[in-house]
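To start, the structure under review is shown below, and the notes come after it.
Here it is, written out as C-alpha cells:
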C-alpha cells in the first residue's frame, strides 16, 4: 500500500521541517485548512502553540501528512505559522 493512497481515520502526522522560502508560492494554491487546538484541551493548546512559536522563530514550515475526514486519502501539506492577534 502506498504512503498516500490508503483510506484511514482522521489524522495529522508531522514529517519534518523546511525553510519557508524553499516552498514555491504556487504550492499555496490548493484548498487551505486551519489547524487550531481544542479549546478545552490544554495539552493540545501547548503542542500547537509550541509548534507555531518554533516554526515562526526559525522561519520554517512544518511538512505534514493530513487525513481530513475518516476513510479518505491522505494529502501532503505545509503548516505555515500565523499567530493570533487576540489575547
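Numbering (my numbering), first residue to last: 9 to 95.
We put the CB at the ideal spot given by N, CA and C, even for glycine.
Residue i versus the options, residue with shortest Cα-Cα distance
i	options	result
residue 41	31, 93, 85, 94	85
residue 24	76, 50, 94, 87	87
residue 91	20, 53, 27	53
Neighbour-count burial assignment, residue i, 16 or more Cβ in a 10 Å radius
i	result
residue 68	buried
residue 170	This structure leaves residue 170 out entirely; the chain is present only between 9 and 95.
residue 63	buried
Run of the beta strand (DSSP E) containing residue i, from where it starts to where it stops
i	result
residue 30	Unbroken run through residue 30: none, as it is neither H nor E.
residue 69	68–75
residue 83	83–87
Rounded straight-line distance, which links the Cα of residue j to that of residue i
i	j	result
residue 9	residue 16	Note that residue 9 has pLDDT 48, beneath the 50 cutoff, so the model's placement of it is unreliable and no number is given.
residue 60	residue 89	5 Å
residue 75	residue 21	9 Å
residue 44	residue 55	10 Å
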